[in-house]
Structures are given as C-alpha cells and as structure tokens.
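There are 2 protein chains.
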Amino acid sequence: MQVKEILLQKPDGQDIVAKGWVRTKRGQANIVFININDGSTISNIQAVVEDGVISEDILKKITTGACIAVTGKLVASAGAGQSVEIIASEIEVYGIADETFPMQPKKHSLEFLREKAHLRFRTNTFGAIFRIRHALAFAVHKYYNDNGFFYLHTPIITASDAEGAGEMFRVSTFEANKAPLAEDGSIDYTQDFFGRETSLTVSGQLEGELGALALSKIYTFGPTFRAENSNTTRHLAEFWMIEPEVAFYELEDNMNLAEDFVKYVIKYALENCADDLAFLEKRLLEEEKSKPQNDRSELSLLDKLKFVVENDFERITYTEAVEILIRSKPAQKKQFQYEVAWGIDLQSEHERYLVEKHFKKPVILTNYPKDIKAFYMKQDDDNGAAPGPTVRAMDVLFPGIGEIIGGSQREDNYEKLLKRVEEVGIDPENIWWYLETRKFGSAPHSGFGLGFERLVLFVTGMGNIRDVIPFPRAPKTAEF
Amino acid sequence: MQVKEILLQKPDGQDIVAKGWVRTKRGQANIVFININDGSTISNIQAVVEDGVISEDILKKITTGACIAVTGKLVASAGAGQSVEIIASEIEVYGIADETFPMQPKKHSLEFLREKAHLRFRTNTFGAIFRIRHALAFAVHKYYNDNGFFYLHTPIITASDAEGAGEMFRVSTFEANKAPLAEDGSIDYTQDFFGRETSLTVSGQLEGELGALALSKIYTFGPTFRAENSNTTRHLAEFWMIEPEVAFYELEDNMNLAEDFVKYVIKYALENCADDLAFLEKRLLEEEKSKPQNDRSELSLLDKLKFVVENDFERITYTEAVEILIRSKPAQKKQFQYEVAWGIDLQSEHERYLVEKHFKKPVILTNYPKDIKAFYMKQDDDNGAAPGPTVRAMDVLFPGIGEIIGGSQREDNYEKLLKRVEEVGIDPENIWWYLETRKFGSAPHSGFGLGFERLVLFVTGMGNIRDVIPFPRAPKTAEF
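Have a look at this one:
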C-alpha cells in the first residue's frame with residue numbers, strides 16, 4: 001500500500017507494510033521515530049521503533065535517503081503533525097544512503113538541486129512540482145477528450161519549418177563533417193536517412209490543421225524545440241506544447257476555448273493537488289519574506305490561481321492596447337524602455353503593465369498588425385479600426401508569466417495564403433500539402449499553442465522554467 | 001453541433017446547422033441527397049435538398065470533398081441507413097473541391113493514401129483509425145492516473161544511449177560539414193549547442209527509473225527514435241512509447257501490471273469505439289475474402305480483441321519455451337528457418353508458433369539468458385532451472401504482432417550493475433546519475449515499454465504500421 005493510501009486508513013492496529021525513503025530519523029531515550037516518504041504524497045508516514053524491537057545493526061543503516069520497508073501495526077498517532085503512525089515490528093533495508101547522499105535534511109538551493117536532477121524528485125518541493133505537473137497533464141487530456149477532441153501525434157522530425165523562423169536543431173545520421181557532397185558541391189541530403197534535410201519540429205500546428213480539416217477537433221501535446229541561444233528563466237531548448245486546432249472556429253470561438261481550457265486545468269489542479277499547492281504556497285511566502293515589501297506579490301499562490309479561475313479575461317484589440325499604453329503613466333513619464341507606437345511588437349514591460357497594473361487580470365490581445373505575426377494567420381478585412389492591416393491573432397497574457405498562449409484564426413483562402421507564403425520567403429513546394437487543404441474543402445478554422453512549462457510555472461509559482469521540467473535542455477545543458 | 005451529436009438528437013423538426021465535408025451527392029428527379037461527415041464519427045448526416053430550395057449555382061459547387069454548412073430542420077429519416085436527416089433550407093459553401101480532389105468516392109489503395117496523408121483523415125478507414133488511436137491514448141493516461149502513476153516527461157534530446165544500441169539520430173546546430181575541430185583533430189562538441197554530442201532518445205527508461213526511485217510509480221508516453229534502416233511493415237524511425245516504471249515491483253508484479261494495463265486499454269476501445277471497430281472489422285473481412293482460405297484469420301477483429309481481454313496470458317520461462325519449441329512439430333520436421341537452442345534470441349517464427357499455434361493466446365516469456373538482454377536487467381540467482389545465467393526479463397507476445405511489450409525487473413545492486421555496464425562497454429561516467437540511484441536508497445523496481453503503434457496496429461487490425469501514425473517517419477520518408 002502506498003503512503004498516500006496508508007494515511008487514509010482508519011487505524012485500529014491492523015498489520016501494514018510501508019515502503020519508501022527515509023526523510024528523517026529522530027532518536028529519543030528508548031524510542032526512534034522514522035519519517036518515510038514514497039513520493040505518492042507530500043506527507044510522510046511515521047514509523048515508531050520501540051526499544052529493542054529492531055537490531056542496532058539495522059537501525060544504524062537507517063539514515064536519511066535510505067530505502068526501507070517497515071512492517072508493523074497502524075495506530076492513531078499521539079504526536080502532532082500526523083493522524084496515524086506505524087508501530088514497527090520489522091524493518092527491511094533495501095538500499096542504504098551513506099553520508100555522501102546529497103539530499104541531507106537541510107535547505108538546498110534550487111541551483112544545487114538542478115545539478116542533482118536525478119535525486120531532486122525526492123525533495124518536498126520537487127515532489128510537489130512533479131505531482132502537479134502530472135495532474136495538469138492529465139487535466140489537459142481529460143479536457144480535450146471530454147470535449148470531443150482527438151489527440152493527434154504530429155511528427156517530431158520534420159522537413160518543414162512551421163514558423164518560418166530558422167532556429168532549429170538539425171537531425172541527421174551523417175557522421176560529423178563527413179556528409180557526402182552532390183556534384184555541385186552542396187551537401188547531398190538524398191543520401192541522409194530521410195533522403196532530405198530534416199530538423200526537430202518547432203510546432204505541430206501545420207500538421208494539426210490537416211487533422212482538424214478532417215476530424216474537426218484535434219489537439220497535440222508533444223515536445224517542441226528551439227535552438228535559440230537564450231539562457232533565461234523562461235526559455236528551454238526542449239519543451240512540451242499543447243496545440244488544439246478546430247474546424248469551423250473563428251477568432252471569438254478560439255478565445256472562448258482558450259479561456260475555458262486554461263481555467264479548467266487550473267481548477268483541476270486546485271481540486272486535485274490541494275496538499276502540494278498548500279506546501280508550495282507556504283514555500284513561496286517564506287521566500288517572499290526575504291524580498292523588500294514592494295516586490296512581494298499582492299496575492300498568495302492559491303489566491304492567484306483562484307483569481308484566474310473566477311474572473312473573466314479582459315479582451316481587447318492590439319490597437320486598443322496601444323492606445324492604453326500611449327496614455328499610460330509610464331509612457332507619459334518615459335519610463336518604458338521601448339517606446340510604444342502602433343506596429344511595434346509589444347515588449348514584456350508593456351504586457352506586464354497591461355496585465356499587472358492596468359487590468360490586474362489575464363488579458364487576451366487580438367487583431368495584431370499583420371507584419372509582426374506568422375504567415376498563416378487570417379487577414380482581417382480592412383474596417384478602418386486600425387491604422388494598418390491586421391490579422392486575427394490572439395495572445396493570452398498572464399501575470400508574472402507574460403504570453404502563455406498564442407493563437408489565431410488561420411488563413412483559409414488559398415490565394416491570400418499563397419501570397420503570404422511567398423512574401424515571407426517560404427518555398428510553396430515545401431508545404432504543398434498545407435496549401436492543398438485550402439484548395440480542397442477549405443474551412444474557417446482556428447487554434448492556439450500553450451507552452452506547458454509556462455503553465456506549470458504559473459500554477460506552482462516557481463521562478464525558473466528549469467525547475468518545472470524533469471531534465472531541462474538548454475544551451476550547454478543536456479545532462480541526465 | 002457536431003455530426004456525432006446531431007445523430008443523437010430526437011428529431012422533431014428543430015432548426016439545426018451541420019458543418020462538414022461532402023462525402024457523396026446523389027440527385028434524383030426534384031431531390032438531392034448530400035452526405036456530410038465532420039470526422040466526429042464514422043457516420044454521415046444526410047441533407048435533403050428539395051426542388052428549388054437551393055440555387056443551381058450553389059448546388060453545382062457541392063461535390064465530393066467540398067466543405068459546407070447546411071441549415072435546416074431535423075426530421076426522422078424515411079430512407080434506410082440513417083435515423084435522422086436534415087431538410088435543407090440554406091447551404092453555405094466554405095470551400096469547394098474540384099475534380100482534382102484525390103479522395104473521390106471509390107476504393108483507394110493504402111499505398112496511394114499514404115502519399116496523401118494530409119487528406120487521408122477524410123476517409124472512413126483513417127477516420128476510424130485515428131479516432132481509435134485517440135481513445136487508446138486517452139485510455140493509457142486514464143489507466144495510469146487512476147492507478148496512482150505520475151506522467152513523467154523524460155528528455156527527447158539525450159547525451160546517453162539507454163539501450164547501448166547505437167542506431168541513433170544525431171542532433172546538432174553545427175552547419176553540415178562545418179563542425180569546428182579540437183586541437184587533436186576531433187570534432188569539438190564543446191562548441192555545439194549543448195556543449196556535447198547529443199542524439200534523439202531511444203527510450204525514456206533510464207530517466208524513468210530516476211523518477212520511480214522517488215515518486216514510486218511513474219510512466220512515460222512520448223516519442224522515441226531508431227535510425228535503423230528497416231523498411232518493413234513493423235518499423236518506424238519515430239514512434240511513441242509508453243514506459244511505466246515502479247519502485248518495489250518485482251517481476252511478478254510487473255507481469256500483472258502489463259497484463260492488466262493492456263487488457264484495460266483494449267477493453268476501453270471496445271467500449272468507446274464500437275462504431276469504428278465494427279467498420280474496421282467489416283473492412284478486414286472484405287480484405288480477407290481475397291486471401292486463400294488457409295491464410296484467413298480464425299477470429300474476426302472484435303472476437304480477437306475480446307479474446308485477449310477475457311483470457312489469462314500464458315506465462316512461461318524462456319527455458320520452458322525453448323523446450324516446447326525443440327519438441328514442436330516444426331522443429332522435428334526442420335521447418336523453422338532458425339534452429340532452436342537455449343541461448344538464441346527467439347525469432348519471429350518461434351514466437352508466432354508459441355502464440356498462434358501452441359498456446360493460441362498472448363504469452364509472457366520470462367527469465368531470458370543474460371547475454372541476449374540489456375545491461376540493466378536484474379540477474380537471477382542461479383537456481384539450476386536454466387542451463388545458463390538468466391535475467392528477470394519479460395516479453396509479452398501478441399498474435400499477429402509479436403513482441404508488444406518488453407520489460408524487466410531492474411538490477412538494483414550497485415556492484416552488479418556497474419560490472420554489467422563495464423562488460424557491455426558503456427562508460428560509467430556517462431550514466432553516473434543512473435548508477436548513483438543504486439548507491440543512495442536503492443530499491444527493487446521494474447518496468448516495461450509498450451510500442452504504442454504496435455498496440456494501435458493490433459486493435460485496428462491494420463497490416464502496416466505506417467497506417468496507424470498520422471505522418472510516418474521511415475527511411476527516405478519525412479513528407480508532411
């Protein structure tokens with residue numbers, strides 16, 4: 001039985017076996033208390049070893065980090081902090097942990113624990129994070145399944161570049177510096193494994209659209225890659241992305257889906273991870289105490305999550321947002337580092353002002369200038385509301401995180417799409433299959449992408465994205 | 001409302017809008033019938049267009065493959081084959097499909113459809129396959145979530161080689177043939193993105209074990225890669241694998257988990273995909289008619305699935321299997337291509353004999369010779385039952401598929417594991433983190449891997465693995 005289940009039992013002296021890793025051992029005269037955790041829950045089960053029951057030989061081996069099985073009787077606990085405990089009659093030591101075990105019971109820095117990513121799951125903080133990560137992932141699948149979406153596994157190795165962006169990892173079986181050459185001196189990729197140049201995908205969207213234009217409602221949930229040399233607390237070279245794509249959805253439907261979806265998964269975590277969230281909230285409060293009063297959050301972690309679940313997201317156009325920003329105090333006082341003008345790509349400082357100062361809630365910005373968005377976004381009819389051409393894009397901005405979702409209605413007009421493809425310099429031959437869906441039974445459709453780690457970051461309240469994925473991949477970082 | 005939901009409505013002339021792709025249009029005097037499918041279900045909704053209601057201009061555009069929205073009243077259908085239909089009052093054409101649309105209503109070969117993978121989702125067969133694939137994937141997550149497992153995202157880009165196998169895809173940001181050299185003339189990987197040589201993972205197991213030795217029960221479900229030049233109906237270069245890993249599980253628990261799990265997901269498909277499975281069963285029966293009597297399956301698709309769900313898997317050791325094979329008719333008559341002897345890696349012909357002829361049900365083979373299995377498998381105590389040293393391995397063999405699951409109890413003894421690592425020629429420094437888990441709180445643990453596409457192949461009854469993944473990756477194949 002797992003510790004989580006044992007803690008739910010009604011104690012009446014029944015026989016029980018608890019298996020797990022020793023967190024602490026405290027000795028008093030004639031009695032020893034051992035706290036055991038098996039990762040099923042943040043709580044430990046306490047084993048009580050009365051004098052003479054377990055041999056000194058075995059007791060000596062029971063140190064922090066050791067793995068043991070305790071057999072005994074489950075009784076109500078007299079001590080504070082737990083409702084039940086085990087009166088041990090037998091202990092088996094599966095594996096010892098000598099004094100070189102790095103996770104001794106004291107505070108470790110997150111930096112130190114990142115170097116011990118193979119063991120950090122055994123700490124309270126990382127146990128909580130990865131149980132919450134699981135719950136969020138399951139909530140994603142449950143939400144889409146319950147709403148009639150089909151999970152589509154789009155390819156990881158790809159010969160196309162969804163964003164027209166560039167920074168991709170090359171995938172090859174050529175030996176380094178020994179790729180064969182074609183007659184004209186270029187690399188002869190016809191001899192490579194796939195017979196062409198291939199990379200790791202940056203998005204499953206284009207293939208997702210193929211699925212949506214047949215099955216109506218699909219979503220992806222898989223790894224995506226960026227070979228950007230960004231060593232920040234917000235970027236990973238390998239991260240998981242969720243990309244729903246829906247036929248017959250226009251921009252408004254897409255916004256409704258995004259808001260409903262993200263509220264659902266956060267609510268799911270609130271309902272299913274109460275213990276772990278309470279622990280992380282406490283951890284965060286401790287951490288905040290070391291900050292100056294001004295830099296502390298106005299809301300606690302749980303309050304922040306509840307606030308997002310309970311309030312409507314603000315929906316405004318990019319054009320309206322720029323007007324707000326131009327009239328804002330920081331703009332008047334020239335406190336923004338980047339000047340605001342219609343047509344610029346909004347910077348983090350602008351997004352934060354809108355979300356954290358002006359509206360004080362999540363914001364969905366829509367109808368961005370065409371020139372700062374991807375080629376596949378549907379062009380707005382020119383209705384005079386904006387100074388220049390716009391597209392049906394939407395970005396969902398979250399407090400502390402910034403952009404958590406980016407999406408759009410997709411261009412479904414063949415001629416307009418082809419023109420944009422050519423304008424941005426993509427060879428139409430490379431994505432003939434994508435273009436063909438606009439020739440054969442095209443339909444209005446929309447979708448978005450949510451970076452899963454940014455969601456986990458938001459829900460756990462952690463500050464560094466490397467702490468919410470088991471084994472982070474980043475520049476010069478591929479250990480484990 | 002999606003077609004699936006419309007078909008469940010009680011028809012009493014209510015207003016309804018159906019959106020989807022035209023499968024067929026049949027005209028009679030004064031009346032036109034249009035069959036529309038939106039991928040939500042294998043069934044179509046029929047729209048009835050009475051004389052003069054819709055302009056000829058619009059009707060002309062409604063051909064197979066066009067995408068339309070039909071507005072009208074939902075009534076009970078007089079015709080055979082559907083219970084409700086829509087009496088159209090208005091039709092909007094979203095996208096036409098001219099006569100070059102490749103999916104015309106006639107039989108297409110699977111080979112042809114593979115070249116049209118961007119459109120094949122719109123056929124009955126592939127609609128059914130990918131809805132079933134979704135249901136199986138959801139069942140996987142639901143099974144593990146309901147049983148207290150945590151979903152662990154193990155890394156895709158890796159600097160280690162879990163199987164010690166070799167055939168991996170290289171991942172790099174070096175320009176082809178322009179990798180910088182170190183002083184000794186070797187490639188200077190310290191200048192590559194990750195500062196070392198990296199590849200695409202062949203398995204998440206080693207990292208999965210790190211999770212299990214802290215969280216107790218974890219599973220992975222993600223893409224894995226093999227750069228094998230195998231152009232077969234059973235191999236892909238990119239495929240999805242499910243790998244549970246459980247602390248405190250021994251081989252027997254591992255077998256119980258594998259059997260319970262695979263039965264659960266097949267049962268889930270039987271209960272949730274009845275329409276699609278019925279369609280694929282019919283398709284298979286048609287296909288079988290063209291085969292000689294002897295080559296036809298004894299069981300229909302549904303009977304085969306029910307048989308697996310309802311019967312215990314046979315569990316025998318490798319040593320017992322070899323004895324059965326040596327005594328078998330094909331061995332006596334020298335009909336096996338490869339001779340059977342203790343110590344050989346069993347060939348497909350041997351596995352098929354055991355599963356399809358001898359036991360006529362799924363078989364779990366255990367306790368294989370150490371020399372033909374991976375370094376991380378736990379060594380059996382020498383109990384004299386086998387002619388040589390064995391490990392606590394298990395392979396689950398399925399009719400028609402062969403090995404669908406491979407797993408083992410893992411070596412948890414540090415010295416034994418280190419010795420095997422060195423024997424097979426892996427540099428211990430490369431997996432120091434893996435070895436360390438056997439130094440600090442080691443525990444008995446077990447796990448297995450299930451190739452998701454092989455499961456989908458089995459459940460759908462399809463013959464080629466490229467037909468059960470949206471966009472297959474194989475030698476010379478990376479289109480879409």
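From first to last, the protein sequence lines are chains A and B.
Residue numbers for the first sequence, in full-length UniProt numbering: 1 to 480.
Residue numbers for the second sequence, in full-length UniProt numbering: 1 to 480.
No residue lacks a Cβ here, since even glycine has one placed at the ideal position from N, Cα and C.
Just so we're clear, the structure is a prediction, and the values are computed from it rather than from any experiment.
No Cβ-Cβ contact shorter than 8 Å links E243 of chain B with G406 of chain B. For R420 of chain A, the closest Cβ of chain B is not nearer than 8 Å.
Residue pairing for I218 of chain A: DSSP places it in a beta bridge opposite A:F150 and A:E245. Apart from sequence neighbours up to five positions away, the residues of its chain that approach E207 of chain B with a beta-carbon distance below 6 Å are T154, ordered along the chain. For Q335 of chain B, there is no enclosing beta strand (DSSP E), as DSSP gives it neither H nor E.
With its beta carbon at least 8 Å from every one in chain B, T319 of chain A lies outside the interface.
Considering only B:I465, B:P470 and B:I6, the residue with the shortest C-alpha distance to L236 of chain B is B:I465. In the structure shown, the three-state DSSP call for L74 of chain A is strand.
Residue nearest to V49 of chain B within the set B:L59, B:S40 and B:I401 is B:L59 (criterion: CA-CA distance). Separation of V456 of chain B and N37 of chain B (C-alpha to C-alpha, rounded to the nearest whole angstrom) is 23 Å.
With respect to the C-alpha of R296 of chain B, the residue from B:E287, B:L302 and B:D303 having the closest C-alpha is B:E287. The criterion of a C-beta distance shorter than 8 Å is not satisfied by V459 of chain B and I316 of chain B. In the three-state scheme derived from DSSP, where H, G and I count as helix and E and B as strand, V424 of chain B is classed as coil. Relative to the Cα of E245 of chain A, the nearest Cα in the group A:R234, A:T233, A:G461 and A:F261 belongs to A:F261.
By the neighbour-count criterion, in which a residue is buried when 16 or more other Cβ atoms sit within 10 angstroms of its Cβ, T190 of chain A is exposed. Within the region 76 to 139 of chain A, the runs of alpha helix (DSSP H) that reach at least 4 residues and sit entirely inside it are, in chain order, 110 to 115. Under the three-state reduction of DSSP output, Q14 of chain A falls in the coil class, being neither helix nor strand. By alpha-carbon distance to S216 of chain B, the top candidate from A:F101, A:W21 and A:D12 is A:W21. Here Y368 of chain A is bridged, per DSSP, to A:V391. By DSSP's assignment, S408 of chain A forms a beta bridge with A:A393 and A:G447. Excluding its 5 nearest sequence neighbours in each direction, V363 of chain A has C-beta neighbours in its own chain below 6 Å: E314, L354, V355 and L397, listed in chain order. Per DSSP, the continuous beta strand (DSSP E) segment holding F33 of chain A begins and ends at I31 to N37. Here the alpha carbons of Y268 of chain B and M255 of chain B stand approximately 20 Å from one another.
Residues of the region 105 to 128 of chain A with a C-beta less than 9 Å from any C-beta of chain B: K116, A117, H118, L119, R120, F121, R122, T123, F126 and G127, listed in chain order.
Taking CB atoms only, I187 of chain B has a neighbour in chain A less than 8 Å away. For the region 377 to 394 of chain B, the set of residues with a beta-carbon nearer than 9 Å to any beta-carbon of chain A is empty.
Under the DSSP assignment, T460 of chain B falls in the alpha helix (DSSP H) whose first and last residues are F452 to T460. Taking all protein chains in view, the Cβ of K19 of chain B is crowded by 16 or more other Cβ atoms within 10 Å, so the residue is classified as buried. Within the DSSP bridge table, the entry for M377 of chain A names A:R410 as partners. It is roughly 26 Å from the alpha-carbon of D380 of chain B to the alpha-carbon of E90 of chain A. L284 of chain B and L301 of chain B do touch by the CB rule: their CB atoms are close to 5 Å apart, below 8 Å.
It is roughly 40 Å from the alpha-carbon of W433 of chain B to the alpha-carbon of D395 of chain A.
Looking at the DSSP output, I68 of chain A shares a beta bridge with A:G20 and A:V93. Look at the beta carbons and you see the region 424 to 438 of chain A not touching the region 64 to 76 of chain B: under three pairs across the two are nearer than 8 Å.
Within chain A, the residues F150 and Y151 have their CB atoms less than 7 Å from the CB of H134 of chain B, given in chain order. In the assembly as shown, R420 of chain A is a buried residue. Its beta-carbon has 16 or more other beta-carbons within 10 Å.
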